[in-house]
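I have placed the structure first, in the form of structure tokens, so that the comments after it can refer back to it.
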Amino acid sequence: MSRFQKNQHSGEWANGHQHPGVNNALDIAAALYWDINCVSVSRKIVNSPHSNEDRESYARMRKSTDIFISQVMADCFTALRTNNLSRCVSFINEFGWKLLAICAHSEAFHAAAEKLDEASWLYFKNLIGQNGRSLEVFANSRDLEWRGPLLAYASCNLLPGLKEALTPDINLAQEHPHHLVQLPGGYLKRPTHRGLAQCRHISMDGDMVELVEHPEKNVTPASQCI
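Shown next, in the form of structure tokens:
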């Protein structure tokens with residue numbers, strides 16, 4: 002290994018310094034989770050009484066995902082003819098269609114695949130691979146409709162692994178995401194205590210305490226800390 006050769010697994014150069022793309026890759030990975038959650042929340046809003054603005058916002062998200070997947074499919078067919086692998090085709094070969102389809106719902110992932118320099122992309126890709134199970138559970142527990150953009154290509158026999166990826170999973174969206182924990186080996190478990198499930202707690206989706214005015218000033222104690 003030469004002095005400045007990159008260690009893809011640690012995100013460091015051989016001289017011990019972080020390579021420049023590490024922080025950027027970490028930010029993009031965080032944004033990926035945020036994007037997936039936003040799409041899931043928007044879908045739930047659309048499936049309930051909603052405004053035209055909600056419908057249009059979700060439609061824009063879906064269109065962006067569909068366009069990205071169509072570009073990936075074009076790259077796949079090009080690779081079959083020329084063996085020229087794009088970043089996303091290589092991503093599929095390493096991590097599979099499911100993880101690609103989940104990530105495709107994120108504008109941050111789109112930008113990473115298109116714009117990151119090679120060193121940053123390799124670090125980012127390894128980071129996603131290391132957290133692949135976490136991303137799958139995150140998406141499934143929020144009922145992300147990740148199969149939708151792939152279904153139009155389900156009958157194509159030229160795309161290895163696609164039909165297997167579209168096989169239905171256990172529905173993790175039937176309960177609150179916090180009722181499941183991921184073990185170090187990648188397995189999922191419902192926490193128990195003394196033989197009883199620990200999922201009987203209250204998952205707080207809003208404030209549980211009513212703030213009162215401060216006795217001396219017309220502000221709340223919480224607002225004084227802002």
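Under the numbering used here, think of the first position of the sequence shown as 2, with each following residue one higher.
By construction, the Cβ of each residue, glycine as well, lies at the ideal position given by its N, Cα and C atoms.
request  = Identify the continuous alpha helix (DSSP H) that holds D55 and give its terminal residues.
outcome  = Indexing the sequence shown from 1 puts residue 55 at position 54. Its alpha helix (DSSP H) spans residues N53 to T83.
ask   = According to DSSP, is W98 helix, strand or coil?
value = Counted from its first residue, the sequence shown places residue 98 at position 97. In this structure, W98 counts as helix in the three-state DSSP scheme.
query = Beta carbon of V73, beta carbon of L27: below 8 Å?
reply = Your numbering for residue 73 matches position 72 in the sequence shown. Your numbering for residue 27 matches position 26 in the sequence shown. No, these two residues do not count as a Cβ contact at 8 Å.
Cβ-based burial, F78 [other Cβ within 10 Å; buried from 16] = For the purposes of this step, residue 78 is identified with residue 77 of the sequence shown, where counting begins at 1. Answer is exposed; the Cβ neighbour count stays below 16.
ask   = To which residues of the same chain is E108 closer than 7 Å at the C-beta, ignoring the five residues directly before and after it?
value = Numbered from its first residue, the sequence shown carries residue 108 at position 107. Only D36 and S65 meet the Cβ criterion.
A166, enclosing alpha helix (DSSP H) - first and last residue = As a working note, residue 166 is residue 165 in the sequence shown. Where A166 is concerned, the enclosing alpha helix (DSSP H) stretches over L163 to A166.
message = Considering just the uninterrupted stretch of the alpha helix (DSSP H) at E115, what are its terminal residues?
response = Locating residue 115 in the sequence shown gives position 114, where the first residue counts as 1. Here the alpha helix (DSSP H) through E115 covers E108 to K116.
query = With distances taken between CB atoms, is the gap from R143 to S41 smaller than 8 Å?
reply = Here residue 143 is taken as the residue at index 142 of the sequence shown, counted from 1. Here residue 41 is taken as the residue at index 40 of the sequence shown, counted from 1. The criterion of a C-beta distance shorter than 8 Å is satisfied by R143 and S41.
ask   = Tell me which same chain residues have a C-beta within less than 7 Å of the C-beta of L160, skipping the five on either side of it?
value = As a position in the sequence shown, residue 160 is number 159, starting the count at 1. Apart from the 5 residues on each side of it in sequence, L160 sits with its Cβ closer than 7 Å to the Cβ of C77 and Y154 in its chain, given in chain order.
key: Residues near Y34 in its chain [Cβ-Cβ closer than 8 Å; skip 5 each side]   = Position 33 of the sequence shown, counted from the start, is the residue given in the question as residue 34. L136 and F139.
request  = Please classify L33: does DSSP put it in a helix, a strand, or coil?
outcome  = Translated into the one-based positions of the sequence shown, residue 33 becomes position 32. Here DSSP, grouped into helix, strand and coil, assigns L33 to helix.
key: Where S156 falls: helix, strand or coil (DSSP)   = Residue 156 sits at position 155 when you count from the first residue of the sequence shown. It is coil, neither helix nor strand.
request  = Compare the Cα-Cα distances from F92 to each of E165, S156, E54 and Y124 and report the closest residue.
outcome  = Taking the sequence shown and counting its residues from 1, the one referred to as residue 92 is at position 91. With distances taken between Cα atoms, F92 lies closest to Y124.
query = Helix or strand or just coil, what does DSSP make of W147?
reply = Indexing the sequence shown from 1 puts residue 147 at position 146. DSSP places W147 in coil when its eight states are reduced to three.
task = Assign A26 to one of three DSSP states: helix, strand, or coil.
result = Within the sequence shown, residue 26 is the residue found at index 25, counting from 1. Three-state DSSP puts A26 in a helix.
ask   = Terminal residues of the continuous alpha helix (DSSP H) containing S142?
value = The residue labelled residue 142 in the question sits at position 141 within the sequence shown. First-last of the alpha helix (DSSP H) with S142: G133 to S142.
Environment of L81 [buried if 16+ CB atoms lie within 10 Å] = Translated into positions along the sequence shown, residue 81 becomes position 80. Burial call: exposed.
8 Å contact criterion, which I29 and A105 should meet: CB distance rounded = For the purposes of this step, residue 29 is taken as residue 28 along the sequence shown, with counting starting at 1. For the purposes of this step, residue 105 is taken as residue 104 along the sequence shown, with counting starting at 1. Not confirmed; about 14 Å, so no contact.
inquiry  = Any beta carbon of chain B sitting closer than 8 Å to that of Y124?
reply    = The structure shown contains no chain B; it holds only a single protein chain.
request  = Put A120 into one of helix, strand or coil per three-state DSSP.
outcome  = Taking the sequence shown and counting its residues from 1, one reaches residue 120 at position 119. The answer is helix: DSSP assigns A120 an H, G or I state.
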